[in-house]
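Number of protein chains: 2
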Amino acid sequence: MKRGPRGKTRYEIFAYVKSRLKEGNPPTIREVQEAFHLKSVQTARVHLNTLVKENKLMKIPGIARGYRLTKDRHAAQATFIPVLGNVHAGDLNLACEEIECYIPVNQQHTNVELFALRIEGDSMIGQGILPGDTAIIRKQPSAAKGDIVVVLVEGEASIKTYDTDNGKIVLRPENPKYDPIYPDSDRYRILGKVIEIRRCLG
Amino acid sequence: MKRGPRGKTRYEIFAYVKSRLKEGNPPTIREVQEAFHLKSVQTARVHLNTLVKENKLMKIPGIARGYRLTKDRHAAQATFIPVLGNVHAGDLNLACEEIECYIPVNQQHTNVELFALRIEGDSMIGQGILPGDTAIIRKQPSAAKGDIVVVLVEGEASIKTYDTDNGKIVLRPENPKYDPIYPDSDRYRILGKVIEIRRCLG
DNA sequence: CTTTAATGAATACAAATGTATGCTAATATA
DNA sequence: TATATTAGCATACATTTGTATTCATTAAAG
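Those sequence lines, one after another, are chains A and B.
Position one of the first sequence corresponds to residue 1 (the numbering used here), numbered consecutively onward.
Position one of the second sequence corresponds to residue 1 (the numbering used here), numbered consecutively onward.
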C-alpha cells in the first residue's frame with residue numbers, strides 16, 4: 001500500500017476498530033489488514049499495538065479478536081426497554097403486540113425491571129408531564145409519599161402522584177381540572193414508579 | 001458434568017452468551033465449555049448449534065467467536081452523548097472537564113452531532129421544561145419557526161423558542177415572568193435545536 | 001541534504017479456536 | 001420396563017488468528 005502521512009492510516013484504523021467494536025464484532029488483525037489493503041499482517045499489528053500504546057485501545061493478549069476500547073471510552077452500557085402503547089387492565093405482561101418500540105436507558109439498575117408508557121391526557125401537566133411524553137417506569141408494588149406512580153384503579157391504569165392524608169391513600173392528579181381519588185385499599189394496585197420522563201420535540 | 005434436566009444447561013448457556021455479546025465480548029466455544037465446566041468442547045458446540053437451530057443465536061461459520069444474537073433481538077444500537085454541565089460562552093467545544101456524564105440515545109441519527117445540557121432556571125416552564133431537566137440538542141446553525149433552540153446572545157447561552165415577527169427574529173421564553181428578546185441579526189448565534197427533554201424523578 | 005524514526009512488506013511459526021467422528025449414559029415418554 | 005432422544009465425553013484434525021524476525025522504503029525533522 002502506498003504510504004500516507006504519519007498517523008493517518010492509524011487514525012483511520014482506530015475509527016474502523018471502534019465501529020466494529022460498537023457493533024459487537026471485534027475484528028481480527030487480518031481483517032484490519034484486509035480492510036486497509038495492507039499487504040502484511042504485521043503492518044496492521046504494529047498499528048493496532050501502537051493504538052494500545054497510545055491508550056486508545058486495550059488488548060487481551062493471545063486470544064482471537066482481543067482488541068477492545070479503553071475502559072473510559074466505554075462510558076456505560078445501555079439496555080433497551082420496551083415502550084408500551086397502552087396498558088391492558090389487569091396484567092402488565094409485556095406481550096409483544098403492545099410494544100411500540102424500544103428506547104435506551106443507562107444500565108445502572110441491573111436487576112430491576114423497567115418499561116415505558118406513552119402519556120395520555122393532561123392530568124399531570126402541573127408536574128410538567130405532557131400528553132405524548134414517555135414515562136419510564138420501574139416495576140414495584142409500593143410507593144412513598146410524593147412518588148409519581150402508575151396505578152391500577154377499577155381496572156384502569158393511570159399516572160398519579162401518590163400521597164397520604166391522615167393515613168389514607170390519595171392519588172392526586174396534577175391538574176386542577178381533575179379531582180384526587182381516595183381509593184379503598186383493596187381497590188387499587190401500584191404497578192410501578194415513574195423514574196424518568198422523556199419528550200421528543202420536532 | 002452431571003446431567004441436568006433437558007434444556008436447562010442450554011438455557012443458561014444462552015443467557016451467558018447473551019450477556020457476553022452485550023458487553024461486546026463474544027465467547028469462543030471453549031470459553032462456554034469452561035464457564036459451564038463441561039469436559040468436552042463438543043458438548044458446548046452442540047448446545048450452541050442447537051441454539052442456532054432454535055433461532056436464538058446466529059453464527060458466522062469458520063471464524064473465531066462467531067456466535068451472535070439473532071437480528072431481531074438486537075432491537076437497536078445506542079450511542080452515548082455527553083451531558084455538559086455548563087456552556088462556556090463562545091465556543092461549544094466539548095472539553096472533557098465540562099462533561100458531567102453520558103446518556104444513551106437511540107442511534108438513528110448516525111451522522112448528526114448530539115449533546116445534552118442541564119436546564120437552569122424556569123424560563124421554559126410553559127413548555128413543560130423544568131429546571132434540572134436534561135435537554136438533548138442537535139447541533140445546527142439555523143432553526144425553523146417554533147423550534148426550541150439553544151442560542152447564544154451577548155455571549156450567554158440560553159434556551160428559547162425561536163420565532164419570527166414580521167421578518168424579525170424573536171427569542172421567546174415560555175414564562176410570562178420573562179420578556180422576549182429581539183436580537184440584532186449579528187448579535188446572536190444558534191447553537192442547536194432541542195430535540196428531546198428528559199427528567200429524572202426520585 | 002542527511003539522519004532518524006515511522007511505515008509497509010515477506011515469511012515463518014505457535015497458539016487459539018472451529019469442526020468432525022464415535023462413544024457412553026441419563027432423561028423423558030410411551 | 002423398553003425405547004428414543006438428549007446430554008455429555010474423548011480425541012483428533014483443520015483452520016483461523018496472534019506473534020516474531022528481518023528487511024526495504026519513505027515521511028518528517030534538523
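Glycine included, C-beta positions come from ideal geometry on N, C-alpha and C.
- For the segment 151-175 of chain B, there are no residues whose beta carbon sits under 9 angstroms from a beta carbon of chain A.
- When 8 angstroms is used as the limit between beta carbons, B:P104 is near these residues of chain A: A76, A78, P104, V105, N106, in chain order.
- Considering only B:P176, B:E196, B:Y182, the residue with the shortest C-alpha distance to B:N166 is B:Y182.
- Among the residues of chain A, none has a CB under 7 angstroms from the CB of B:L191; the nearest is roughly 16 angstroms distant.
- The Cβ atoms of B:I195 and B:I137 lie closer than 8 angstroms to each other.
- A check of alpha carbon separations from B:D163 across B:R30, B:V150, B:L21 identifies B:V150 as the nearest.
- Straight-line spacing of the CA atoms in B:L114 and B:V41 works out to 46 angstroms.
- In this structure, the alpha-carbon of A:A157 lies about 30 angstroms from that of B:A78.
- Looking at A:D133, A:G128, A:Q127, the one whose alpha-carbon comes closest to that of A:E120 is A:D133.
- DSSP lists no beta-bridge partner residue for B:M124.
- When A:A35, A:G192, A:A135 are compared, the shortest CA-CA separation from A:A144 is found for A:G192.
- Nearest CB-CB separation between A:E54 and chain B: not below the 8 angstroms threshold.
- Nearest CB-CB separation between A:V17 and chain B: not below the 8 angstroms threshold.
- Residues of chain A whose Cβ lies closer than 9 angstroms to the Cβ of B:P26 are, in chain order, G24, N25, P26, R65.
- Minimum Cα-Cα distance from B:L69 among the listed residues B:G62, B:K53, B:M58 corresponds to B:M58.
- Assigned with DSSP and collapsed to three states, B:Y182 falls in coil, not helix or strand.
- Counting C-beta atoms within 10 angstroms of its own C-beta, B:G128 has 16 or more neighbours from the protein chains shown and is therefore classed as buried.
- In the structure shown, B:I195 adopts extended strand secondary structure according to DSSP, grouped into three states.
- Taking the Cα of A:I125 as reference, the smallest distance to any Cα among A:Y67, A:S142, A:V153, A:I159 is reached at A:I159.
- Here the alpha carbon of B:I60 sits roughly 32 angstroms from the alpha carbon of A:E54.
- Within the model, the alpha-carbon separation for A:I13 versus B:N49 is close to 33 angstroms.
- DSSP, read as helix, strand or coil, puts A:K168 in strand.
- For B:E196, the residues of chain A that pass the 7 angstroms Cβ criterion are R198, R199, C200, L201, in the order they occur in the chain.
- Here the alpha carbons of B:R20 and B:Q33 stand approximately 14 angstroms from one another.
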